[in-house]
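Peer 1:
2 protein chains.
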Amino acid sequence: MARKKEYIETEVVEKAMQLFWRNGYETTSMQMLEKEMGINKFSIYSSFGNKNGLFLECLKCYKEKISNIFEKFKNAPNGIEDIKQFFYDSVSSNFNDDYIKGCLITNTYNEFSNKEDKAIKEQMNAFMNNLKLIIIDKLKKDSTKSEAAILEQANYLLLAKHGLAAAARVNSKKEIEDYIEMTFKNI
Amino acid sequence: MARKKEYIETEVVEKAMQLFWRNGYETTSMQMLEKEMGINKFSIYSSFGNKNGLFLECLKCYKEKISNIFEKFKNAPNGIEDIKQFFYDSVSSNFNDDYIKGCLITNTYNEFSNKEDKAIKEQMNAFMNNLKLIIIDKLKKDSTKSEAAILEQANYLLLAKHGLAAAARVNSKKEIEDYIEMTFKNI
DNA sequence: ATTATTTCTAAACGTTCGTTTAGTTATTTG
DNA sequence: CAAATAACTAAACGAACGTTTAGAAATAAT
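Top line first, the protein sequences correspond to chains A and B.
Each residue of the first sequence is one higher than the one before, starting from 1 at the first, in this note's numbering.
Each residue of the second sequence is one higher than the one before, starting from 188 at the first, in this note's numbering.
#1: For a contact meaning CB atoms closer than 9 Å, what does B/T370 contact in chain A?
#2: Candidates A/I80, A/C103, A/F112 and A/L54: which alpha carbon is nearest A/A154's?
#3: Under the three-state reduction of DSSP, which class applies to B/N353: helix, strand or coil?
#4: If the criterion is Cβ atoms closer than 9 Å, does the pair A/G163 and B/A353 meet it?
#5: What residues of chain B sit near A/K118, judged by a beta carbon separation below 9 Å?
#6: Look up B/I363 in the DSSP assignment and say whether it is helix, strand or coil.
#7: By DSSP, does B/Y212 sit in helix, in strand, or in coil?
#8: Within 9 Å (strictly less), CB to CB, does B/K302 reach chain A?
#9: Taking the alpha carbon of B/F371 as the point to measure from, which residue in B/R190, B/Y275 and B/L220 has its own alpha carbon closest?
#10: Nearest to A/D82 by alpha carbon, out of A/I176, A/L157 and A/K174?
#11: Leaving out the 5 sequence neighbours to the left and right, which residues in its chain are closer than 6 Å to B/E209 when beta-carbon positions are compared?
#12: Report the three-state DSSP secondary structure of A/E14 (helix, strand or coil).
#13: CA-CA distance, B/Q272 and B/K259?
#14: Between A/E6 and A/I44, is the Cβ-Cβ spacing less than 9 Å?
#15: Using a Cβ-Cβ distance cut-off of 9 Å, determine whether B/Q340 contacts chain A.
#16: Check whether chain B comes within 9 Å of A/Y109, counting only Cβ atoms and requiring the distance to be less than that.
#17: Contact between the region 104-116 of chain A and the region 58-67 of chain A: three or more CB pairs below 8 Å?
#18: Got a sec, what are the start and stop residues for the alpha helix (DSSP H) B/G289 sits in?
#19: Give every residue of the same chain whose Cβ lies closer than 7 Å to the Cβ of B/E196, excluding the five residues on either side of it in the sequence, and list them in chain order.
#20: Please return the same chain residues whose Cβ sits closer than 7 Å to the Cβ of A/Y179, not counting the five positions on each side in sequence.
#21: Classify A/M17 as buried or exposed, calling it buried when 16 or more other Cβ atoms lie within 10 Å of its own Cβ.
#22: Within 10 Å of its beta-carbon, does A/A2 have 16 or more other beta-carbons around it, so buried, or fewer, so exposed?
#23: Against A/L164, what residues of chain B qualify as contacts under a CB-to-CB distance less than 8 Å, listed in chain order?
#24: Comparing the C-beta of A/Y179 with each C-beta of chain B, is any distance below 9 Å?
#25: Under 9 Å, Cβ to Cβ, is there at least one residue of chain A near B/G266?
#26: Sort B/E198, B/V357 and B/K332 by Cα distance to B/V278 and report the nearest one.
#27: Tell me, to the nearest whole angstrom, how far the beta carbon of B/M217 is from that of B/L206; I am working on the premise that it is less than 8 Å.
#28: Which chain A residues sit within Cβ distance under 8 Å of B/N380?
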């Protein structure tokens, strides 16, 4: 053994994640990352392989960051009302630092829809499918509808969630919250 | 005068527009544009100034392309039912060539939300505001609600439109259409 | 037919990108 | 203290980007 690292990986990943969240993947350059993370390119590459590897780590970090919202959602006792609350919680986290960043997952989903990056797309699909299953589970609590009808409702909500996350970058918090209210009127 | 151009500008713009529509702005390189438009870089620059200028021209071309949908919408005699029909028409045009491309305006809006490009953003905002005014107009036909309530409804529909355009890149046409039905359930 | 003018081709431009490498500095171990 | 090892700095890498330019080809006017 020899010299020790002068940085903690989880800490610099958090900083990188914030930068990716604000600017997106492509717009964030290694030079910007160097500055924001406070470490040299060499250190980034030795710790995370390459830009893509760093980004995957940042996605994990983001999921960790929002895991409390997800856990709360999963463990909530009610049905539709819990889904609505989850939407509100998500919006709140999207407007964190009075800086509109939207949802990193949705942003990434949209940015990568043009590209062919299996590793990223798998993560995105896994996230969305997971969310869908939870929503279906909650819907069943409040409904005696057919499986097909519930699936349709779940798709509706998932699409609404996707839409509001996309819109969170260009709309005000008030507009987003009005939208949530309207969305659940239709359920 | 001397040699004549060997291409028609409106024709090569149409081709460029299709490419931007499929791939987005950044992902589309000048090299790809050369190939798709069938003309040399020099010709592109002499006709459109630069990549940004070409893209602005493509946005105009896209608006022209969807202008029939817009005209139909503007001149429609009814209220809410016409808005719904407009949504359906928009979705149809998004799924044009069995290739999912979404809406170029919305794609651009999302892609440029990270950046600072005044010319593009102005075009986007103008488009959205125009759409909003038409929607408000239609809503008033079917409603005696307060101005504020109508504005809220208009915001809801606009956000829904934005959301479904974003989602059009990752969802099926069936899912999108189910979503439209749900959206208009309680309007 | 010659000249002037415009468009064409194709190569090169300077930047920036993500990535790698050579050499220095610091820490651990014998 | 000296040797070994790992992490640092900083410079350079090749490739791709958008853009420009020099020269050939083609058409109009004289």
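We put the beta carbon where it would ideally sit given N, CA and C, even for glycine.
Peer 2: Let me spell this out:
#1: Y156, A160, M182, T183 and N186
#2: A/I80
#3: Per the sequence shown, the amino acid found at residue 353 of chain B is Ala instead of Asn. Three-state result, B/A353: helix.
#4: yes
#5: Within chain B, no residue comes near A/K118; the closest Cβ sits about 15 Å away, beyond 9 Å.
#6: helix
#7: coil
#8: yes
#9: B/Y275
#10: A/L157
#11: Note on residue identity: the sequence assigns Arg, not Glu, to residue 209 of chain B. Counting only Cβ-Cβ distances below 6 Å, and skipping sequence neighbours, we find K288.
#12: helix
#13: 10 Å
#14: no
#15: yes
#16: yes
#17: yes
#18: Taken as a continuous stretch (DSSP letters only), B/G289 belongs to no alpha helix (DSSP H), as it is neither H nor E.
#19: S234
#20: L164
#21: buried
#22: exposed
#23: L346 and G350
#24: yes
#25: no
#26: B/V357
#27: Going by Cβ atoms, the distance from B/M217 to B/L206 rounds to 11 Å, so no, they are not a contact pair.
#28: For residue 380 of chain B there is no data in the structure shown, the boundaries of chain B being 188 and 374.
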